[in-house]
Every structure is written in structure tokens, then in C-alpha cells.
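Participant: Mind looking over this structure? Questions follow.
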Amino acid sequence: MSDETVGGTVSGTGEGSAPRARRSLVVVSAGLSEPSSTRLLADRIAEATVARLGDVDPSGGSGSDAGAHVSITVIELRELAHDITNNLLTGFASPKLQEALDALAEADGLIAVTPIFTTSYSGLFKSFIDVIDPQSLPGLPVLIAATGGTERHSLALDYALRPLFSYLHAVVVPTAVYAASSDWGTSGNSGASISERIARAAGELAALVRNSNRSSEVRDPFALPAGFSPF
Amino acid sequence: MQFGIFTVSDVTTDPTNDTTPTEHERIKALVTIARKAEEVGLDVFALGEHHNEPFVSSSPTTTLAYIAAQTENLLLSTSTTLITTNDPVKIAEDFAMLQHLADGRVDVMMGRGNTGPVYPWFGKDIRDGIPLAIENYALLHKLWRQHTVDWQGKYRTPLQGFTSTPRPLDDVPPFVWHGSIRSPEIAEQAAYYGDGFFANNIFWPKEHYMKLIGYYRQRFEHYGHGTADQAIVGLGGQAFMRAKSQDAVTEFRPYFDNAPVYGHGPSLEDFTEQTPLTVGSPQQVIDRYASMREYFGDYQRQLFLMDHAGLPLKTVLEQLDILGEEVVPVLRKEFAKDRPAHVPDGPTHASLVAARVAAAAPVVDALIDDAALEVTK
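What follows is the structure, encoded as C-alpha cells:
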């Protein structure tokens, strides 16, 4: 997992204006090789999202120098593979994995990128999803993306990843980004190029991230269910 | 401070020689282990309840009554008694009976159980786990304190004019602990009644339980049972010891690697770092567990899991010798240091009877005063 802050210092439109809230973006990359095209796609989407967050300042400023203050946490599942398996077997997360789960629970947006294996998300990706507290993602804006050898599996995003996040009550943006090997060398003659698809999805995610207050919410792990009585 | 052991009663193949005890051998071993616990000076023996293989302990009160007959001082408890799938009427009767037979050396720990099919096997639905625990315990609490009970609830047939027999010994019900791994509802329930809260503490990092116990302590105070540091807290633990640390690691590793629950997962090194499991010299175990009060506050009961994962009986008995003779005496001294006077000891039948007498005393005094006043008039 790596943290980087993009966007520099907080800026406003003039004297006395309140600082813009910091936004927290988490990138989950389930690529198995190193370097991986899954990570390459994840990074492109993250850059595009940060750029779009900087584009528009709802407080009235203009230009990207009025940009949002965004922190990006990249979770490389390969580095957590053993911890994820151990969590499945023991029921608890190692400190390293817990850090990743906490970042996710408190994120304003998630970019989830997995290779497509055998018609669906990779096993490692699903194992990671399975160790997340199912109550921790409601309302989380999510951009789903995938890589694969050919274009023929692009619908896996819509029949596998989209319902997965819908079940967890996350909010999945309409545009999903699929990158086949050939996309990395295609100009987009027969439709939008990979860059255009990334830009469109990033714009959709940025709009939701901008309005998210998930990262500033205070969570009570011991909140009792409404109406609960101990007797 | 009470020290003891708790067992899950698993029948597990010894991975070092591929032998598996029979159920009969394992049941007899449980009794031998309990007697050994008393012999080496431990205070508590607690037995789990299961209704599926590879566990043999389906009827703890039968087993505990047999152990009671063969011991003199050992406090007998459970880890846990299923408050969800057992009829609370039967729990009330079984444990009151055990209390009489054991002359009060009994308490009980409530748990919900985590084996899915047990609920339907007993006619319940696992999704009702928490509501079952709440309603059933409310009834049990009443049955032990009220002679004739009229009652109606959601999960069992109503009762009209029912008296649970025998009545609790000296009219003082067994002390109740509530065990939970993650549910704040159960910590809330324990706090509401002023009962004890037990964190099994063996499979997860202590930070998790620190939060849960902190919550229970706060709520205990909220409900007016005393200050937060007077709440009744119990902790689980797990250790394997040899004189030389490396010998303990070498001997325990195959059992760890193949153990139910965490086997084939994290390495022994990771698991001992991340959970309270301590494998090493007696001094290492002393150091680790003496530090628990720093994280959880002064507490009342420490139970160790010593007999699982296929460890041979002979080894378990050796472990109990080390625990009772080298570890616990030192821990008793450590825990007594700077322990505030207002922090209670672990509850016993005698302490509960004394507390009841003390609580009743002002009333009696007032009656005498009133009577004296009448006479002087």
C-alpha cells in the first residue's frame, strides 16, 4: 500500500473562504504480475480522476489551481495476498491488511481494478472483497475497471463487478472501463479510445467524490441497532 | 484474581503420530485435566458446549457434576452455555441443581454459539441469535430470582405459575458471565445486568477486545453497578511452555500448524505476535500475561486454553504443572501489585452470599430501629 498526496496545499477562492475538505481516494489493484497492466490502468484512472477533481471548484474558483486536495492510497493486493488468505482462515486481519481495510472504509471514492480470469474477477480480488466488513462500504462511490487479453470479456464488469458492489450498497458509476491488450495500441476508430473511456468514467467518479463526506464521518463501531434493548 | 483453564473438548488427531483419541478417552481426559487443575492450585475449570463432531462436550452440567464430586475447591464454569438454542427453563434447572451438588462452586458463561446448523437442529434460526440471547436470558434471570413465574415471549411457549426447581442454593443464583467476540449488544446486556463480561481473546488481536471491554466497562458504570473499573472482566489466553523457549516452539509447531481454527494459516511467529498465544519459557508467559492489565485494566478472571489441537494428555498435564507451579503463583503476585482496593475479586458463591447479606443489612437495621422506636413510645 502506498500513500501519495496530489493537489498540493488547500486553496480557496479568496480571503476568508473555508479550506476545501481533503478527499480520500483509494485504488485497489488486483494485478498479479509486476509490472502489471492492471496497475497501469489503475494509475491512469487515478490520474484522470484527480485531474477532474481539480477541474471544477464548486466554490466559484476557476482553473485547476483551485484544485481539490486529494490523498490517494494504492492497495496492491499482490502485496497482501498472504494476509488476505490468513484473514480468511483466522477471521482477523494483520495490521498491514487492517490498514488497507480502514482506508477503504473511510474513503470518498474507490477505483477497483482487477484482471478478468475465467470469465470473472480474479480470485484474489474476490478474496479481498470477502474480508471487507460488508457494513463498511455503503454509499462509497466506486469506479470499476478490468483488464483482459481480449475484448470478449468486457461484460464481466457489468455482470460480475457491478452486482458485487451493488450488494455492498456502494454507488457504482455508469461507465466501467475495460482495457484489452489491444486497447493500449488503438486510437479508437471504432468507438471511444481507452483514454476517452477513462476520462468519462473519471468525470463520473469525481462528481461523486467531490460530494462525499465519508472520510470526515465519525464511525461508532459499537453503535447498537435502532430499537435494541438489552432486556 | 481467579486463574483457570477452559476447554473446547475437541477430538483432534495428534499430527505428530497420527493417533486420535476415542470419545471415551477424550471425555475421561477432560476429567483428569480438571482434577489436575485443582491439584496444581488453579481456581477455575470451564467446559464448552457443542453439538457437532469433533467435539464431545454436549452436556456440560453432567460432566461438571461428575468433576464436582471429585474435587473440593475448583470453581466449575462453562465456556460457553448456549443461551440461544437451549431452553432457558432447562438452563435454570440444570445449573441450580449443579449448584447444590457442588456446594456453590458453580458459575456459567452465556454464549450464542457460532455453528450455523446447530440453530435449525434445535428449532431456531441463526438470524435470531441476538434476540434469542436477550429474551432467553431475561427469562433465565427471572426464573432464578422469582419463585412463581408468569411469562410470555416470542421464542418459547408461555409459562403460567411456573417454579423452576431446585431453587438456587441459598437463594443466590450462579454468577453469570457473557462471552462475545464482536457483538456490542452482548457487552451492553452484560453491563445492563451487572454481570461479568468475558473476552475469549485467543484468536484475535488484543486491540479488538480492548475496545469491546472498554465499552462494557463504560456501560456497566452507566447502568449504576459501580465504577467502570469495578466491572467484572474475564479474559482467555493460550500458552505452550518448556524450560527452554526453543523447545516449546519446536514441540508446539506441528500442533499449531494443523490446529482447528487457525491451522494452515498464519505462521506460528505471526500468530504469537498478533494474538495472546505465547509459546516459549514460563517467564515469557508470565511477562505476556502480566501485561494484560495494562491493556484491559485490573480484571477478575484469566482462563487458559491448554488441551486442544491433538496435544496428548500427558503433555497437557505437564503444561498444567508448569502453569500451576511456575506461572500462576508469579502472576498472582504481579496482579496484586498496586491493585486498587475498590476493584472486586472474581465472584464466588460465598462472595455473592456475603454481598446479599450486606445489601439486606440496612433494611434489617432500619426495622430494628423502627421496632425500638415503637417500644420507646
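Those protein sequences? They're chains F and W, same order as listed. Count the first sequence with the numbering used here and you get residues 1 to 231, in order. Count the second sequence with the numbering used here and you get residues 1001 to 1377, in order. Cβ atoms here follow ideal geometry from the backbone N, Cα and C, with glycine treated the same way. No experiment lies behind these values; they were computed from the predicted model shown.
1) In the structure shown, what three-state DSSP assignment does W/H1147 receive?
2) What does W/H1342 pair with, by DSSP beta-bridge criteria?
3) For the alpha helix (DSSP H) containing F/T114, name the first residue and the last one.
4) According to DSSP, simplified to helix, strand and coil, what is W/F1335?
5) Please look up how many angstroms separate the CB atoms of W/N1200 and W/G1236, rounded, as I've assumed it's under 8 Å.
6) How about W/G1265: is its C-beta nearer than 8 Å to some C-beta of chain F?
7) First and last residue of the beta strand (DSSP E) that includes F/Y178?
8) For a cutoff of 8 Å on Cβ pairs, would you count F/F128 as touching chain W?
9) Which word fits W/Y1299, buried or exposed, when buried means at least 16 other C-beta atoms lie within 10 angstroms of its C-beta?
10) Please find out if some non-hydrogen atom of the ligand NAD comes closer than 7 Å to the beta-carbon of F/Y178.
11) By alpha-carbon positions, which one of F/D102, F/L205, F/T175 and F/P230 ends up nearest to F/S215?
12) List the residues of chain F that W/A1199 touches, going by C-beta distances under 8 Å, in chain order.
13) Going along chain F, which residues have a C-beta under 7 Å from W/P1184?
14) Run down chain F in chain order and give the residues with a C-beta less than 8 Å from the C-beta of W/E1188.
15) What residues in its chain sit with their C-beta under 8 Å from that of F/D133, if we drop five residues either side in the sequence?
16) Whose C-alpha, out of F/T90, F/L89 and F/S94, is nearest the C-alpha of F/E79?
17) Could you spell out where the beta strand (DSSP E) holding F/E76 opens and where it closes?
18) Could you have a look at W/Q1099 and say whether DSSP puts it in helix, strand or coil?
19) So, at 6 Å on beta carbons, what are the nonlocal neighbours of W/G1194 in its own chain, with the 5 sequence-adjacent residues on each side left out?
20) Assuming the contact rule is C-beta atoms closer than 8 Å, W/F1055 and W/D1010 should be a hit. Round their C-beta distance to whole Å, please.
21) Can you tell me the Cα-Cα spacing of W/N1136 and F/S154, whole angstroms?
22) In angstroms with no decimal places, state the Cα-to-Cα distance between F/A81 and W/Q1070.
23) Under 8 Å, do F/A180 and F/G149 count as touching if we go by C-beta distance?
24) Can you tell which of W/S1281, W/Q1302 and W/V1089 has the C-alpha that lies nearest to the C-alpha of W/H1141?
25) What three-state label does DSSP hand W/G1129 in the structure shown?
26) Based on the DSSP output, what are the partners of W/V1106 in its beta bridges?
27) So, for F/L168: in the same chain, excluding its five sequence neighbours on each side, which residues have a beta-carbon less than 7 Å away from its beta-carbon?
28) Between the beta-carbon of W/D1125 and the beta-carbon of W/S1077, is there less than 8 Å?
29) Does F/L136 have its Cβ less than 8 Å from a Cβ in chain W?
30) For W/I1134, go through chain F and note every residue whose CB falls closer than 8 Å to its CB, in chain order.
31) Could you tell me which chain W residues have their CB closer than 8 Å to the CB of F/G91, listed as they occur along the chain?
32) If you drop the 5 nearest sequence neighbours on each side, which residues of the same chain put their C-beta closer than 7 Å to that of W/V1261?
33) Cβ of W/P1276 within 8 Å of Cβ of W/K1206?
34) Are the beta-carbon atoms belonging to W/F1045 and W/I1083 less than 8 Å from one another?
35) Measure from the C-beta of F/S94 to each C-beta in chain W and report whether the shortest distance is under 8 Å.
36) Per DSSP, W/W1177 forms a beta bridge with which residues?
Facilitator: Quick answer:
1) Translated into positions along the second sequence, residue 1147 of chain W becomes position 147. Coil.
2) Taking the second sequence and counting its residues from 1, the one referred to as residue 1342 of chain W is at position 342. Its beta-bridge partners do not exist; DSSP assigns none.
3) Stepping through the first sequence from its first residue, residue 114 of chain F is reached at position 114. Per DSSP, F/T114 belongs to no alpha helix (DSSP H); it is in the beta strand (DSSP E), G109 to F117.
4) As a first step, residue 1335 of chain W must be located in the second sequence, where it is residue number 335. Three-state result, W/F1335: helix.
5) Against the second sequence, residue 1200 of chain W aligns to sequence position 200. Against the second sequence, residue 1236 of chain W aligns to sequence position 236. With a Cβ gap of about 4 Å, W/N1200 and W/G1236 count as contacting.
6) Locating residue 1265 of chain W in the second sequence gives position 265, counting from the first residue. True, the Cβ-Cβ gap to chain F drops below 8 Å.
7) Within the first sequence, residue 178 of chain F is the residue found at index 178, counting from 1. That run of the beta strand (DSSP E) goes V177 to A180.
8) Position 128 of the first sequence holds residue 128 of chain F. So no, F/F128 is outside the interface.
9) For the purposes of this step, residue 1299 of chain W is taken as the residue at position 299 of the second sequence. It counts as buried.
10) Among the components modelled here there is no ligand, and therefore nothing to report on the ligand NAD.
11) Numbered from 1 along the first sequence, position 215 holds the residue referred to as residue 215 of chain F. The residue with the shortest Cα to Cα distance from F/S215 is F/D102.
12) Your numbering for residue 1199 of chain W matches position 199 in the second sequence. None at all; the shortest Cβ gap to chain F is about 13 Å.
13) Residue numbering aside, residue 1184 of chain W sits at position 184 when the second sequence is read from its first letter. Under the 7 Å cutoff, chain F gives F222 and L224.
14) Counted from its first residue, the second sequence places residue 1188 of chain W at position 188. Around W/E1188, the beta-carbon contacts reaching into chain F at under 8 Å are L224, F228 and P230.
15) For the purposes of this step, residue 133 of chain F is taken as the residue at position 133 of the first sequence. Taken in chain order, the residues that qualify are L101 and A105.
16) The residue labelled residue 79 of chain F in the question sits at position 79 within the first sequence. Out of F/T90, F/L89 and F/S94, F/S94 has the C-alpha closest to the C-alpha of F/E79.
17) Start at 1 with the first residue of the first sequence, and residue 76 of chain F comes out as number 76. Here the beta strand (DSSP E) through F/E76 covers V70 to E76.
18) Translated into the one-based positions of the second sequence, residue 1099 of chain W becomes position 99. Assignment of W/Q1099 by DSSP, reduced to helix, strand and coil, places it in the helix class.
19) Here residue 1194 of chain W refers to the residue found at position 194 of the second sequence. Excluding sequence neighbours, W/G1194 sits near H1225.
20) Looking up residue 1055 of chain W in the second sequence gives position 55. Looking up residue 1010 of chain W in the second sequence gives position 10. W/F1055 to W/D1010, Cβ: 6 Å. Contact.
21) Working through the second sequence from its first residue, we reach residue 1136 of chain W at position 136. Working through the first sequence from its first residue, we reach residue 154 of chain F at position 154. Using only the alpha carbons, I get a separation of about 52 Å.
22) For the purposes of this step, residue 81 of chain F is taken as the residue at position 81 of the first sequence. For the purposes of this step, residue 1070 of chain W is taken as the residue at position 70 of the second sequence. Rounded to the nearest angstrom, the two C-alpha atoms are 51 Å apart.
23) Numbered from its first residue, the first sequence carries residue 180 of chain F at position 180. Numbered from its first residue, the first sequence carries residue 149 of chain F at position 149. Yes, they are a contact pair.
24) For the purposes of this step, residue 1141 of chain W is identified with residue 141 of the second sequence, where counting begins at 1. Per the Cα distances, W/V1089.
25) As a first step, residue 1129 of chain W must be located in the second sequence, where it is residue number 129. Under the three-state reduction of DSSP output, W/G1129 falls in the helix class.
26) In the second sequence, residue 1106 of chain W corresponds to position 106, counting from 1. Answer by DSSP bridge pairing, in chain order: W/L1076.
27) Translated into positions along the first sequence, residue 168 of chain F becomes position 168. For F/L168, where only same-chain residues beyond five positions count, the Cβ hits under 7 Å are P134 and L137.
28) As a first step, residue 1125 of chain W is located in the second sequence; it is residue number 125 there, counting from the start. As a first step, residue 1077 of chain W is located in the second sequence; it is residue number 77 there, counting from the start. In this structure, W/S1077 does not lie closer than 8 Å to W/D1125 by Cβ.
29) As a first step, residue 136 of chain F must be located in the first sequence, where it is residue number 136. At residue 136 of chain F the sequence reads Ser, which differs from the Leu that was named. Judged by the 8 Å Cβ criterion, F/S136 is not in contact with chain W.
30) Within the second sequence, residue 1134 of chain W is the residue found at index 134, counting from 1. Result: S229, P230 and F231.
31) Stepping through the first sequence from its first residue, residue 91 of chain F is reached at position 91. Near F/G91 (Cβ distances below 8 Å), the residues of chain W are F1203 and W1204.
32) Looking up residue 1261 of chain W in the second sequence gives position 261. These residues qualify, in order along the chain: F1203.
33) Mapped onto the second sequence, residue 1276 of chain W falls at position 276. Mapped onto the second sequence, residue 1206 of chain W falls at position 206. In this structure, the beta-carbon distance from W/P1276 to W/K1206 falls below 8 Å.
34) What you label residue 1045 of chain W is simply residue 45 of the second sequence in a count that begins at 1. What you label residue 1083 of chain W is simply residue 83 of the second sequence in a count that begins at 1. Going by C-beta atoms, W/F1045 is not nearer than 8 Å to W/I1083.
35) Here residue 94 of chain F is taken as the residue at index 94 of the first sequence, counted from 1. Judged by the 8 Å Cβ criterion, F/S94 is in contact with chain W.
36) The residue labelled residue 1177 of chain W in the question sits at position 177 within the second sequence. Paired residue(s): W/M1109 and W/G1196.
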